[in-house]
Amino acid sequence: MSQLFFRQTTVYEEFQTPLSLFELHQQIREELEVAFPESYWVVAEIAQITPDRRKGHCYVTLVDKGDDARNVVAQARATIWSARFSMLSRFFEDKTGQPLKAGLKILFQATVRFHELYGLSLDIQNIDPNYTIGDLARQRQETLKRLEAEGLLTANKELELNEVPQRLAVISSATAAGYQDFIHQLQNNAYGYSFHTTLFPATVQGNEAPASVNKAMAQIANYKERFDAIVIIRGGGSQTDLSCFDDYTIAAAIGNAPLPVLTGIGHERDESIADLVAHTRLKTPTAVATFLIDRFRTAEEYTESLYDSIRMFTAQQLNLTEDKLERVRLRISNTTKDFLTEGRELLENLSRGLLVKPKAFLEGQKHVVSDLERDISATTKDRMHQRERYLSELAVCVEGKAQRYLHMKEHELNTLSHCVETEVKENIKLKQISFTKQSDKLAFATTRKLQNDEHRLRLIEASIHANNPERLLLRGYTLTLVNGKIIKSIAQVQDGDVVETRMKDGTIHSIIVNKEANDTL
1 MSQLFFRQTT VYEEFQTPLS LFELHQQIRE ELEVAFPESY WVVAEIAQIT
51 PDRRKGHCYV TLVDKGDDAR NVVAQARATI WSARFSMLSR FFEDKTGQPL
101 KAGLKILFQA TVRFHELYGL SLDIQNIDPN YTIGDLARQR QETLKRLEAE
151 GLLTANKELE LNEVPQRLAV ISSATAAGYQ DFIHQLQNNA YGYSFHTTLF
201 PATVQGNEAP ASVNKAMAQI ANYKERFDAI VIIRGGGSQT DLSCFDDYTI
251 AAAIGNAPLP VLTGIGHERD ESIADLVAHT RLKTPTAVAT FLIDRFRTAE
301 EYTESLYDSI RMFTAQQLNL TEDKLERVRL RISNTTKDFL TEGRELLENL
351 SRGLLVKPKA FLEGQKHVVS DLERDISATT KDRMHQRERY LSELAVCVEG
401 KAQRYLHMKE HELNTLSHCV ETEVKENIKL KQISFTKQSD KLAFATTRKL
451 QNDEHRLRLI EASIHANNPE RLLLRGYTLT LVNGKIIKSI AQVQDGDVVE
501 TRMKDGTIHS IIVNKEANDT L
């Protein structure tokens, strides 16, 4: 495998010089700038959006899910720079009633960018809110059709609301002004009606609202026998804050609720889907409170009118005069008062008994607790002594084992040290023998090298001596010089030059009169 890789690499290097990653990315950037020189209108869904509060930019992750909303077929990073983000986000929210958030489909104008370090991204320059408005309307209609198909659109309306819904499960934020107004209105009603409210805290705005409200609805369903109705309230807010009530999750939770649901979400715009699914839709939290109080008042008025009708009917049937009827009423009233008095006295006796019995019970429990405290203290001390003895024994055992272990390791270390020392001495001896051999070799090689060089120098010296010009002069040769330099060619002299001719027994000085070149040259 390694040989094959080496051969492939070698072939690659023969035909092409490899690029650095930066050079490759430079080429990609240049090609993209040529291929996508303009801006383009693109449709995509926002998967994640992260505003940079410090610099003012906004970083967006865009996805395309194609026909199947469960599968992502494309994904890209995009940036809205600070110079545009403030304006675009404010304009988009004013037009759609929604902030730029995850889950929205947008139509945007963008340019394609490629950075050598950060890769491919889109620079968003403009966003068309009309496309998102149409998409939100489409989602709303799809949600309504789904609820209708599942039978949840009218399911809660078919539940019967109690004539006097007194036990209320309230879904709201505990700190919301609308919730405080609702409670104040109920507790301070002009007729003195009593209501029992239980708060199930939930987030009622933003992306977390559907899951939070759904969780509260599930908790209420577990204790449905304790309540007469469910109230979902929220104070006034913008369309942005209240858009969560168009979510299918909240609407389905209302449709599946086991109790009638009253909504007071606090907005004047078109009804939300939660309002459409609920049993009764009211505009504000105080309107819900007024509705409940009015329902109590209606029931009370009906009861009073029914009492008057029974009273008249009884008088007519018994042919009683007004005085007799008044005496009967007084007798009934006195009997009722006597019954209430007896009941009050019984309650007072029971109350006094409850005051005495708990004290006696508490005194008895104090003695029990004191006994238990003494037992626990004694048991704890015994347990502590046992653990102390156990730890002492364990410490002695650990100390003995530690000493034995240290002795064993010390022996092993001494043995290892002796072995290392012996091995090092042997290695030193071997190295010394090797060094001696190499030293002898070096001395022999140096002597031989010097002898060879000395012989070669002698040969060179003999050759130089044999080629000495003075020896050539003795053999009948002459040397011709101009200005002290040997002449080898007639081109080195001119007519009139004084030349010097050396012979074995003297020197001749002559003047050049004429030059003749050899015909053979």
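In full-length UniProt numbering, the protein residues as written are 1 to 521. Think of the CB as a built atom: it goes at the ideal place given N, C-alpha and C, for glycine as much as any other residue.
Taking 8 angstroms as the cut-off, decide whether the C-beta atoms of residue 39 and residue 98 are in contact.
-> no
Assigned exposure category for residue 376 - 16 Cβ within 10 Å defines buried = exposed
In angstroms with no decimal places, state the Cα-to-Cα distance between residue 505 and residue 438.
-> Rounded to the nearest whole angstrom, the C-alpha separation of residue 505 and residue 438 is 60 angstroms.
Rounded to a whole number of angstroms, what is the C-alpha to C-alpha distance between residue 507 and residue 494?
-> 20 angstroms
Where do the ends of the alpha helix (DSSP H) carrying residue 219 lie?
-> 209 to 222
Please work out which residues of its chain come closer than 6 angstroms, Cβ to Cβ, to residue 72, disregarding the five sequence neighbours upstream and downstream, and give them in chain order.
-> 63, 65
Which runs of the beta strand (DSSP E), 3 residues or longer, sit entirely within the region 148 to 182?
-> Listed in chain order, the beta strand (DSSP E) runs fully inside the region 148 to 182 are 167 to 172, counting runs of at least 3 residues.
Sub-8 angstroms separation of residue 46 and residue 104 beta-carbons = yes
Find out if the Cβ-Cβ distance for the pair residue 80, residue 170 is shorter than 8 angstroms.
-> no
Report the rounded CA-to-CA distance for residue 304 versus residue 257, giving the unit in angstroms.
-> C-alpha separation (whole angstroms): 34 angstroms.
Can you tell me which of 96, 332, 476 puts its alpha carbon nearest to the alpha carbon of residue 107?
-> 96
How would you call residue 132, buried or exposed, if buried means at least 16 neighbouring beta carbons within 10 angstroms?
-> buried
Between residue 414 and residue 445, what straight-line distance do the alpha-carbon atoms span, to the nearest angstrom?
-> 46 angstroms
Closest by C-alpha distance to residue 227, when choosing among 254, 255, 259 | 259
Any 3 or more C-beta pairs closer than 8 angstroms across the region 128 to 146 and the region 157 to 170 = no
Would residue 279 be called buried (16 or more neighbouring beta carbons within 10 Å of its own) or exposed?
-> buried
CB-CB length for residue 250 against residue 213, believed under 8 angstroms = Right, the Cβ-Cβ distance comes to about 5 angstroms (below 8 angstroms), so this counts as a contact.
From the DSSP output, in three-state form, read off residue 266 for me.
-> coil
N-terminal and C-terminal residue of the alpha helix (DSSP H) that residue 253 is part of = 248 to 255
How many Å lie between residue 343 and residue 274 at the Cα?
-> 48 angstroms
Coil, strand or helix - residue 351 by DSSP = Here residue 351 carries a helix assignment [DSSP, helix/strand/coil].
What do you get for residue 205, buried or exposed, if any count of 16 or more other CB atoms within 10 angstroms of its CB means buried?
-> buried
Would you give the residue range spanned by the beta strand (DSSP E) that residue 478 belongs to?
-> Per DSSP, residue 478 belongs to no beta strand (DSSP E) and is neither H nor E.
With burial defined as no fewer than 16 other Cβ atoms inside 10 Å of the residue's Cβ, what is the status of residue 244: buried or exposed?
-> buried
Residue 277 - containing beta strand (DSSP E), residue span | Unbroken run through residue 277 is the alpha helix (DSSP H), 273 to 277; no beta strand (DSSP E).
Using the Cα positions of residue 216 and residue 198, report the straight-line distance between them to the nearest angstrom.
-> Rounded to the nearest whole angstrom, the CA to CA distance from residue 216 to residue 198 is 12 angstroms.
Where residue 129 and residue 102 are concerned, what is the direct C-alpha to C-alpha distance, given to the nearest angstrom?
-> 15 angstroms
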